[in-house]
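Participant:
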Amino acid sequence: MQSLIPTTTGSAKAISMIFPELEGKLNGHAVRVPLLNASLTDAVFELEQEVTVQEVNIAFEAAANGELHGILGYETRPLVSVDYVNDSRSGIIDALSTMVVNKTQIKVYAWYDNEWGYSSRMADLACHVAENLGS
2 MQSLIPTTTG
12 SAKAISMIFP
22 ELEGKLNGHA
32 VRVPLLNASL
42 TDAVFELEQE
52 VTVQEVNIAF
62 EAAANGELHG
72 ILGYETRPLV
82 SVDYVNDSRS
92 GIIDALSTMV
102 VNKTQIKVYA
112 WYDNEWGYSS
122 RMADLACHVA
132 ENLGS
């Protein structure tokens, strides 16, 4: 198969189930690509305050190096999809692709391995449950 396939995704609905305050504020669409497991999320956010590309990237880098270390990544090299295969992080921000439009709308690309990253979070959850069963 050598085609891009536009399709729907249930991720926006799933996120709203976890974060009810986002109900009605998210939508999603997917394009299936016949590649290995690496995928790319194209996310657009409307903010109430004005920001710059630098401020957005600083915030993502701080999160990736701080409380989300090992879950969120931050990348400044011009990598491609194959570079993210077998990456255990749930998402890796492509800092070179961050955009700001009209000072309040941001566009961010986040790469992820659809199988490996998910499996890593399931393993994290299993460890967390095992550690807390005796509590």
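So for the sequence shown, the numbering used here puts the first residue at 2; every next one is plus one.
The beta carbon of each residue, even a glycine, is placed where N, CA and C say it ideally should be.
Could you pull out every residue in the same chain whose Cβ sits closer than 6 Å to the Cβ of SER12, ignoring the five residues on either side in sequence?
Facilitator: By one-based count along the sequence shown, residue 12 stands at place 11. If we look at SER12 and ignore the five residues flanking it on each side, its Cβ neighbours are GLY29.
Participant: Leaving out five residues before and five after GLY71 in sequence, what residues of the same chain have Cβ atoms less than 8 Å from its Cβ?
Facilitator: Numbered from 1 along the sequence shown, position 70 holds the residue referred to as residue 71. Taking C-beta separations shorter than 8 Å and ignoring five residues to either side along the sequence, the partners of GLY71 in its chain run SER89 and ARG90, following chain order.
Participant: Considering only residues of the same chain and omitting the five flanking positions on each side of ALA121, which have a CB-CB separation below 7 Å?
Facilitator: Position 120 of the sequence shown, counted from the first residue, corresponds to residue 121. Here the sequence assigns Ser to residue 121, which means Ala is not the residue at that position. If we look at SER121 and ignore the five residues flanking it on each side, its Cβ neighbours are SER89.
Participant: Skipping 5 residues on each side, what residues in its chain have a beta carbon closer than 6 Å to that of PHE46?
Facilitator: Indexing the sequence shown from 1 puts residue 46 at position 45. Cβ within range, chain order: ILE107.
Participant: Could you check whether VAL81 and ASN38 sit closer than 8 Å to each other, using their CB atoms as the reference points?
Facilitator: For the purposes of this step, residue 38 is identified with residue 37 of the sequence shown, where counting begins at 1. For the purposes of this step, residue 81 is identified with residue 80 of the sequence shown, where counting begins at 1. Contact check for ASN38 against VAL81 fails: the beta carbons are separated by 8 Å or more.
Participant: Given that a residue counts as buried once 16 or more other Cβ atoms are within 10 Å of its Cβ, and exposed if not, what is PHE61?
Facilitator: As a working mapping, residue 61 is identified with position 60 in the sequence shown. Flag for PHE61 reads buried.
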